[in-house]
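First the structure, in the form of structure tokens, and then the observations on it.
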Amino acid sequence: MSQSVNLSASGPPETVLDPEPADALERLAAAEDLPDEERRRAVAAVVADHPRCLHAWAALGDEARDQVEAYAAYRVGYHRGLDRLRANGWRGSGYVRWVHPQNTGFLRSLDGLRRAAEAIGEADEAERCAQFLAQLDPAGRPA
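Its first residue numbered 64, the sequence shown is counted upward by one per residue in the working numbering.
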């Protein structure tokens, strides 16, 4: 994997993740048109074939049958994302912005983890995730 950390005189370094596998993204896009349970199975198949694909983990969290299942999928996507960030030169601080499509799988997993933690009453985890999102991209998620 390449080092994708850009240093800036105007602030902290910015990390951009390496691209996701094209076939995984194509299969996730195709799954969007399927009925609910079939869509969930198709997304789970992408995760099984591409366990490092952060977009797939975020999509699996989105397709979860309940908040506990969502929490688990988003947490895996978040931790896989931390591994990928480190492999791309991130050293625990600096920006990981929403404007870079390669970063959205990780950021969606982190935001999903925040929502799921809130839903199951884990307020401290939800707050930690919210703070981390704000540190990674102060501009926030684009509308």
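All C-beta atoms in this analysis are idealised placements derived from N, C-alpha and C, irrespective of residue type, glycine included.
Predicted, not measured: the structure shown is a model, and the values here were computed from it.
Unbroken beta strand (DSSP E) run spanning residue i, endpoints
i: E77; result: 74-78
When the options are compared against residue i, the one with the closest alpha-carbon
i: L91; options: L80, D125, A189; result: D125
i: P76; options: Q194, L148, H113; result: L148
i: P84; options: A182, P164, R204, I183; result: P164
i: A127; options: L199, R102, D200; result: R102
i: V109; options: A87, D96, D99; result: A87
i: T78; options: D96, G155, A189, A111; result: G155
Cβ pair residue i, residue j closer than 8 Å
i: A136; j: W120; result: yes
i: G144; j: G168; result: yes
i: V106; j: A122; result: yes
i: I183; j: Y134; result: yes
i: C49; j: A202; result: No statement about residue 49 is possible, as the shown extent of the chain runs from 64 to 206 and does not include it.
i: R177; j: L196; result: yes
Helix, strand or coil at residue i according to DSSP, with G and I counted as helix
i: Q66; result: Summary for Q66: the model assigns pLDDT 44, below 50, so the residue's position carries little reliability; its value from the coordinates is reported in the next sentence. Coil.
N- and C-terminal bounds of the alpha helix (DSSP H) containing residue i
i: G203; result: It is not in any alpha helix (DSSP H) - G203 carries neither H nor E in the DSSP assignment.
i: Y158; result: Segment: none, Y158 is in no alpha helix (DSSP H) and carries neither H nor E.
Interface flag, residue i vs chain C, CB-CB below 8 Å
i: G157; result: Given the protein chain composition of this structure (a single chain), no chain C is represented.
Residue i beta carbon near the ligand GTP (any heavy atom closer than 7 Å)
i: W161; result: Inclusion of the ligand GTP in the displayed structure is not the case, the ligand content being empty and no account of it being possible.
For residue j and residue i, believed in contact at Cβ under 8 Å, the rounded distance
i: V159; j: L170; result: 7 Å
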